[in-house]
Amino acid sequence: MSTSVAKMAVKERRHGRGGSRELRNLDKNFNETVGERLRAARLSLGLSQTELAQRLGLSYQQVQKYEVGTNGLSLSRALQMAGALGITLDRLMPDAPQPTAGSDGQDPMALDRGTRRMARLYHGLPPRKRALVKQFAELLANATLDESDDAEAA
């Protein structure tokens with residue numbers, strides 16, 4: 001192959017894979033936004049990159065690359081991440097509305113230490129036990145407590 005043909009092939013490959021600068025920037029911005037949301041969800045649960053990576057069977061470096069936006073997430077990996085973090089896939093997407101501060105001014109994703117610990121414990125359980133914990137929590141939430149129960153809890 002002549003030098004000029006080889007140069008053209010390299011140039012075509014470069015343009016075919018990377019596309020225009022605008023598209024590359026769009027991809028980069030998208031990946032960075034998804035990564036920021038992934039990081040926020042992970043931190044709201046009090047998880048380290050290593051803990052999340054272990055749940056997903058990845059290295060912590062790979063989680064870090066997703067969070068920084070260096071690597072983009074495939075749809076299947078995004079679903080896996082969302083499931084591991086207990087969120088819906090749309091929470092990771094750039095155009096999806098995000099939770100806003102509640103009436104008390106608190107960020108709804110800002111969890112206290114005890115809640116983060118409960119979330120870590122919950123996510124460490126096998127799926128069957130998670131289902132039991134969820135059923136129990138729903139029963140408690142729907143139960144009507146009389147005032148004596150409230151006093152005992154305090």
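The opening residue of the sequence shown carries number 1 in UniProt numbering; numbering runs sequentially from there.
For glycine and all other residues, C-beta sits at the position ideal for the given N, C-alpha and C.
Just so we're clear, the structure is a prediction, and the values are computed from it rather than from any experiment.
{"Check": "Sub-7 angstroms separation of Val34 and Leu52 beta-carbons", "Outcome": "no"}
{"Check": "Length of the line joining the Cα atoms of Asn71 and Lys65", "Outcome": "5 angstroms"}
{"Check": "Proximity of Leu85 and Ala78 at Cβ, strictly below 7 angstroms", "Outcome": "no"}
{"Check": "Ala119 - DSSP class collapsed to helix/strand/coil", "Outcome": "helix"}
{"Check": "The alpha helix (DSSP H) enclosing Ser76, as first and last residue numbers", "Outcome": "75-85"}
{"Check": "Residue range of the unbroken alpha helix (DSSP H) whose run includes Pro127", "Outcome": "127-142"}
{"Check": "Cα-Cα separation, Ala141 to Ser20", "Outcome": "52 angstroms"}
{"Check": "Distance, Arg130 Cα to His123 Cα", "Outcome": "8 angstroms"}
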